[in-house]
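For reference, each letter of the sequence shown is one residue, going 25 to 711 in my numbering. Glycine included, each C-beta is placed from N, C-alpha and C at the ideal position. A quick write-up on the structure given underneath.
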Amino acid sequence: MPQDVKLSEREAVFLNRELSWLAFNERVLEEAADAANPLLERFRFLTIFHTNLDEFFMIRISGLIQQVAAGIEVLSADGLSPLSQLNLIRSRVDELNGRATRILLGELLPALKAEGLEIASYESLTPDEKSRWDAWYSKRVHPILTPLAVGPTLPFPFISNLSLNLALWVTSPDGEERFARVKVPVGGLPRLVRLDSPGAGEAPLRFLPIEELIAANLGSLFPGMTVGKPWTFRVTRDADIEIKEDEADDLMESIQEELRRRRFGQFLRLEIQRGAPAGLVSELLTGLSLHEANIQEVDGPLGVPQLDAFLRVDRPDLKYPPFVPRRRPGLSGEDIFATIRSGDVLLHHPFETFTPVIDFLRAAAADPHVVAIKQTLYRTSGDSPMIAALETAIENGKQVAAVVELKARFDEENNIVWAQRLEAAGVHVIYGISHLKTHAKLCMVVRREGDELVRYCHIGTGNYNATTARVYTDLGLMTARPDIAADVAEVFNMLTGFARPPSFQHLLVAPRHMKDELIGLIEAEAASCRSGGAGRIIAKCNAVVDRELIRTLYRASQAGVEIDLLVRGICCLVPGVPGLSENIRVRSVVGRFLEHSRVYWFDGAGSPRAYIGSADLMDRNLNRRVEALVPVQSAALVTWLREVFLERYLQDRRRTRVMSSDGSYERLESGQQGPDVHAQFLSDVEA
25 MPQDVKLSER
35 EAVFLNRELS
45 WLAFNERVLE
55 EAADAANPLL
65 ERFRFLTIFH
75 TNLDEFFMIR
85 ISGLIQQVAA
95 GIEVLSADGL
105 SPLSQLNLIR
115 SRVDELNGRA
125 TRILLGELLP
135 ALKAEGLEIA
145 SYESLTPDEK
155 SRWDAWYSKR
165 VHPILTPLAV
175 GPTLPFPFIS
185 NLSLNLALWV
195 TSPDGEERFA
205 RVKVPVGGLP
215 RLVRLDSPGA
225 GEAPLRFLPI
235 EELIAANLGS
245 LFPGMTVGKP
255 WTFRVTRDAD
265 IEIKEDEADD
275 LMESIQEELR
285 RRRFGQFLRL
295 EIQRGAPAGL
305 VSELLTGLSL
315 HEANIQEVDG
325 PLGVPQLDAF
335 LRVDRPDLKY
345 PPFVPRRRPG
355 LSGEDIFATI
365 RSGDVLLHHP
375 FETFTPVIDF
385 LRAAAADPHV
395 VAIKQTLYRT
405 SGDSPMIAAL
415 ETAIENGKQV
425 AAVVELKARF
435 DEENNIVWAQ
445 RLEAAGVHVI
455 YGISHLKTHA
465 KLCMVVRREG
475 DELVRYCHIG
485 TGNYNATTAR
495 VYTDLGLMTA
505 RPDIAADVAE
515 VFNMLTGFAR
525 PPSFQHLLVA
535 PRHMKDELIG
545 LIEAEAASCR
555 SGGAGRIIAK
565 CNAVVDRELI
575 RTLYRASQAG
585 VEIDLLVRGI
595 CCLVPGVPGL
605 SENIRVRSVV
615 GRFLEHSRVY
625 WFDGAGSPRA
635 YIGSADLMDR
645 NLNRRVEALV
655 PVQSAALVTW
665 LREVFLERYL
675 QDRRRTRVMS
685 SDGSYERLES
695 GQQGPDVHAQ
705 FLSDVEA
């Protein structure tokens with residue numbers, strides 16, 4: 025019979041967090057290389073790869089660079105110093121960037137050209153085309169540009185984060201040479217200028233990068249001077265925001281100030297066209313206070329995410345086939361309350377429409393029997409129907425409270441706008457608990473029914489965002505169970521008032537209880553095995569990083585528990601190590617939809633327990649965020665989660681990569697072979 029095993033910090037094995045994240049982004053890049061994917065979808069995956077990498081530098085690399093600069097030698101979980109990690113990361117990033125460039129230049133652009141979609145160079149234009157577009161430049165581009173030279177009275181210019189720029193030498197008639205920079209005004213102007221008219225019918229669509237048009241006309245910005253060859257470059261700045269809430273009298277004001285500071289964050293990376301003269305590069309490094317190790321030379325175009333004009337082209341033959349999400353009857357208008365009251369509803373997005381969640385709030389706003397609405401908002405869409413519904417509720421005399429997380433990374437400005445708009449409408453807006461992000465996805469409606477007040481709840485794995493609900497896989501539970509609703513109410517009281525519930529009946533709530541409860545559930549499976557029974561755990565989430573939970577999973581594996589982890593992104597647990605984790609398997613699904621749902625399933629000695637919610641197995645989720653996992657109590661829904669939902673992921677071969685003990689991933693099937701979990705769920709929609 026297996027014995028209890030104590031794992032010390034040194035005995036437990038962990039993979040490097042940053043390298044594991046890069047392995048995830050490599051899986052995204054593989055989708056760009058996969059010829060079985062539609063051509064424009066491959067291009068989309070390439071833009072996602074580069075966007076991910078930008079954010080990785082802005083948030084993760086910045087912290088390591090600061091540690092090195094400060095002489096901090098705190099080792100990572102796998103025993104690496106900050107400098108060692110940086111060196112490994114840079115080598116890996118160079119490798120991935122090289123592969124991404126080869127995919128773009130050697131595969132995607134030639135294939136797109138064969139399909140009549142071409143990025144043309146300025147030199148390939150005919151004389152008439154050059155004349156026409158030079159004239160367009162004079163009218164539409166030249167007035168916007170501001171050439172900035174460096175000299176005795178002209179300091180090195182401000183370079184904004186992720187901006188596209190041209191660097192060059194400019195020489196006067198008397199031989200004086202100066203460095204100059206011209207910012208490419210992407211945003212105010214399209215990055216790709218369409219050369220033909222929109223009504224060109226079946227003719228090939230040709231696009232000209234606007235930086236090439238500017239480069240061809242630089243003489244107009246430096247009249248009387250000799251203009252050297254321009255080189256495209258791009259910089260990445262530190263964009264992490266640190267709020268010292270114990271020193272902040274006004275959280276919103278502090279975040280607004282940090283957003284202003286973000287514009288001037290430390291430079292982290294210089295991307296520049298390969299072949300740029302050493303003197304020009306040296307001038308840039310000096311002006312940016314960067315070391316040579318921070319350079320990334322690029323063979324192809326910089327700023328690939330800004331080449332997304334291709335993705336807006338009306339070529340359905342080069343994209344995934346469209347589909348209409350399923351809509352269940354009874355989930356709109358006043359019927360929605362009766363439907364939820366008759367039994368729990370589990371929605372599966374994007375295969376089922378997000379509209380019932382919006383209708384739930386709209387119905388509550390209009391229903392004269394509804395007296396109160398409470399909602400958390402972490403990230404929401406630009407023209408949010410959720411915000412509009414809350415405003416309507418106020419107009420109709422409801423009590424409305426909204427917990428708006430101002431610290432949602434890269435959505436801080438949007439959330440400040442939403443918070444101010446809601447406050448102006450009369451909503452009680454709360455910014456959560458000091459030192460914690462509110463990441464839980466909760467909505468509660470209080471409705472008077474006869475002499476009773478009935479609480480209806482929605483608990484989800486994803487944001488209240490109708491846009492991302494079309495491309496993220498998420499689950500949402502709608503329930504009127506009094507015991508679940510009582511827990512949700514306690515969470516809101518904790519967020520809006522001055523309350524610390526000692527426990528919850530059913531919800532697992534972070535940061536106070538969730539981690540201990542999850543450890544207890546894992547240990548219960550191990551105890552079942554030790555007593556001669558079976559143990560089984562299936563967890564689907566975005567990341568597995570927390571060391572204590574990983575050690576607990578290792579001990580469960582040693583006790584004989586069969587464990588399957590479906591982890592989209594980072595996984596610091598090492599599977600398949602004899603004597604440590606031989607009963608643990610790690611899979612990652614990357615495909616058409618972004619895997620975002622979190623499901624934790626435990627066999628429970630034949631009485632299964634399943635939880636869904638917002639939390640990943642990371643220290644930040646378990647200890648520094650307000651998170652909630654809700655038990656799915658309907659036997660039918662628990663069966664569906666295990667026998668349909670999770671089983672399809674376990675049987676998938678088309679989208680799945682299996683993790684090896686060295687941290688690498690191997691794809692099970694390529695091409696069109698094998699079961700495809702996303703295709704299976706789509707087939708349900710079409711049935």
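Considered as a whole, the segment 141-172 harbours 141-143 as its complete beta strand (DSSP E) runs of no fewer than 3 residues, in chain order. In the DSSP assignment, Asn189 is bridged to Lys207, Phe257. Ranking Ser688, Tyr673, His702, Arg66 by CA distance to the CA of Leu342 puts Arg66 first. Counting only runs of 4 or more residues that sit fully inside the segment 635-688, the alpha helix (DSSP H) segments are 643-647, 659-664, 671-675, in chain order. In the three-state reduction of the DSSP assignment, Gly327 falls in the coil class. In terms of Cα proximity to His620, the closest of Ile574, Phe81, Asp640 is Asp640.
For Gln423, there is no enclosing alpha helix (DSSP H); the residue is found in the beta strand (DSSP E) stretching over 423-428. Apart from sequence neighbours up to five positions away, the residues of its chain that approach Leu149 with a beta-carbon distance below 8 angstroms are Trp157, Leu219, Leu232, ordered along the chain.
One Cα belongs to Ile238, the other to Lys137, and the distance between them is close to 23 angstroms. Residue nearest to Leu107 within the set Val613, Leu674, Gln90, Glu119 is Gln90 (criterion: CA-CA distance).
Look at Thr462 here: in three-state DSSP terms it is strand.
The secondary-structure analysis by DSSP pairs Ile574 with nothing; it has no beta-bridge partner. In the DSSP assignment, Ala563 falls within the unbroken beta strand (DSSP E) covering 560-565. In this structure, the straight-line span from the alpha carbon of Glu447 to that of Val424 is close to 10 angstroms.
Nearest in C-alpha terms to Glu651, of all of Val512, Tyr673, Met468, is Val512. Annotated as distal: Tyr673 and Arg681, with beta-carbon spacing of 8 angstroms or more. The count of Cβ pairs closer than 8 angstroms, one atom from the segment 469-476 and one from the segment 406-416, stays below three, leaving the stretches out of contact. By the criterion of a C-beta distance shorter than 6 angstroms, Val369 is surrounded in its chain by Met502, once the five residues flanking it on both sides are discounted.
Pairing His702 with Arg677 gives a Cβ-Cβ distance that is not under 8 angstroms. The shortest CA-to-CA distance from Ile587 to any of Ala567, His315, Ala563, Ala302 is the one to Ala563.
Checking the DSSP bridge columns, you'll see Ser612 partnered with Arg681. The continuous alpha helix (DSSP H) containing Phe48 extends over residues 41-57. Met249 is the residue among Val217, Met249, Leu188, Pro167 whose C-alpha sits nearest the C-alpha of Pro197.
DSSP places Met518 inside the alpha helix (DSSP H), whose first and last residues are 506-520.
By the Cβ test, the segment 524-532 is not in contact with the segment 601-608, since fewer than three Cβ pairs between them sit closer than 8 angstroms. Where Gln297 is concerned, the enclosing beta strand (DSSP E) starts and stops at 291-297.
Around the CB of Ser552, 16 or more other CB atoms lie within 10 Å, so the residue is classed as buried.
Nearest to Phe291 by alpha-carbon distance, out of Lys163, Asn420, Ser155, Phe81, is Phe81. Within the same chain, Cβ atoms closer than 6 angstroms to the Cβ of Gly615 are found at Arg679, His702, the five residues on either side in sequence being excluded. Taken in chain order, the complete alpha helix (DSSP H) segments of 4 residues or longer contained in the segment 73-106 are 86-94. Between the alpha carbons of Arg51 and Val591 lies a distance of about 12 angstroms. Of the residues Gly354, Arg403, Gly521, the one whose Cα lies closest to the Cα of Thr379 is Gly354.
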